[in-house]
Amino acid sequence: MKGIIFNVLEDMIVEQCGMVVWNDLLKKHAPPERVYISAKSYAETELMAITNDVALMLNMPLQDVVKAFGHYLFNGLASRHVGVIKRFEDFTSLVMGIHDVIHVEVNKLYHEPALPTIISRIISPEQIEVTYRSPRKMCFCAEGLLFGAAQHFGQNITIVHTVCMHNGADHCILAIELQHD
Ligand code: HEM
Ligand SMILES: [Zn+2]
Numbered sequence: 000m001k002g003i004i005f006n007v008l009e010d011m012i013v014e015q016c017g018m019v020v021w022n023d024l025l026k027k028h029a030p031p032e033r034v035y036i037s038a039k040s041y042a043e044t045e046l047m048a049i050t051n052d053v054a055l056m057l058n059m060p061l062q063d064v065v066k067a068f069g070h071y072l073f074n075g076l077a078s079r080h081v082g083v084i085k086r087f088e089d090f091t092s093l094v095m096g097i098h099d100v101i102h103v104e105v106n107k108l109y110h111e112p113a114l115p116t117i118i119s120r121i122i123s124p125e126q127i128e129v130t131y132r133s134p135r136k137m138c139f140c141a142e143g144l145l146f147g148a149a150q151h152f153g154q155n156i157t158i159v160h161t162v163c164m165h166n167g168a169d170h171c172i173l174a175i176e177l178q179h180d
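Just so we're aligned, residue 0 is where the sequence shown starts under numbering that gives the first Met the number 0, counting upward by one.
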């Protein structure tokens with residue numbers, strides 16, 4: 000998992016819980032003197048352990064914490080990669096470009112990033128179906144990222160996670176409903 004993901008997690012935790020909490024989490028779940036460098040890779044178990052602990056601390060379901068992080072992460076990634084986001088004029092075009100535009104760009108910018116396979120399909124002007132596959136099973140993070148993207152474009156959406164790897168499937172389906180008014 001790239002350091003940039005940890006950098007955004009740090010921003011979120013420091014903003015919402017304070018620096019002391021972040022330093023305690025690092026001490027508990029990462030090797031001594033850990034500093035996350037955005038382009039370097041670190042064990043994703045560190046990310047999982049930190050988010051797990053945050054969920055326990057806040058007495059929230061882990062999936063909700065991961066989803067909230069995904070939402071925050073979209074803004075963190077978007078602000079660090081403005082040029083990539085500028086290519087899209089609306090929410091639908093961005094969702095259609097996650098795999099073939101955004102993550103292709105990420106592959107050029109980072110050395111061997113660990114990316115999911117995402118297939119987006121327009122069902123109707125109000126419905127997009129996103130199929131997610133990854134050995135990291137970070138589908139709730141993907142859900143949060145999609146909400147972050149929707150907010151970025153001022154698009155109201157709902158998502159139903161109809162099929163999930165956490166329930167034994169080999170992929171997840173995120174059925175997005177767009178509200179046009
Ligand atoms: C709604 C849009 C997006 C979705 C659903 C999405 C989904 C994901 C997910 C779920 C992961 C975690 C890894 C995994 O699941 O295997 C990931 C990793 C990543 N994504 Fe995206 N992403 C989106 C947009 C973006 C954008 C806008 C950027 C930056 C321009 C970006 C850059 C990255 C990077 C750098 C990683 C980490 C790779 C690593 O740790 O090695 N993504 N993406
Ligand atoms: Zn899932």
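No residue lacks a Cβ here, since even glycine has one placed at the ideal position from N, Cα and C. This one's a predicted model, so the numbers in the text were calculated from it and none came from an experiment.
Residue from the options whose Cα sits closest to the Cα of residue i
i	options	result
I156	S40, V94, R86	V94
E182	K136, N166, I175	Past the edges of the chain, shown from 0 to 180, lies residue 182, and the structure says nothing about it.
L108	C163, H179, A38, D10	A38
L57	C16, S78, E32	C16
P124	H160, L144, F90	F90
Y181	V81, T161, P60, M0	Missing from the structure shown is residue 181; the chain here goes from 0 to 180 and no further.
Spatial neighbours of residue i in its chain, beta-carbon cut-off 7 Å, leaving aside the 5 residues before and after
i	result
I97	I117, S119
V83	I101, E104
F139	Q62, V65, K66, G69
I36	G2
Whole-angstrom distance between residue j and residue i, CA atom to CA atom
i	j	result
Q154	G147	10 Å
I12	E88	31 Å
D99	H151	20 Å
K26	V53	14 Å
A174	Q126	7 Å
E128	I49	30 Å
S40	P30	14 Å
M164	R86	31 Å
I158	E9	27 Å
Own chain residues within Cβ distance below 6 Å of residue i, not counting five before or after
i	result
V7	L72, G75
Local Cβ density within 10 Å of residue i, reported as buried at 16 or more and exposed below that
i	result
V19	exposed
A168	exposed
L46	buried
I122	exposed
Own chain, CB closer than 8 Å to residue i, minus 5 neighbours either side, in chain order
i	result
E14	none
Any heavy atom of ligand 2 within less than 6 Å of residue CB: hits in chain order: Answer in sequence order: C138, H160, C163, M164, H165, C171.
Any heavy atom of ligand 1 nearer than 5 Å to the CB - residues listed: Those residues are M0, K1, L76, H80, V83, I97, I101, V105, P112, A113, P115, S133, R135, M137, C140, A141, L144, L145, A148, given in chain order.
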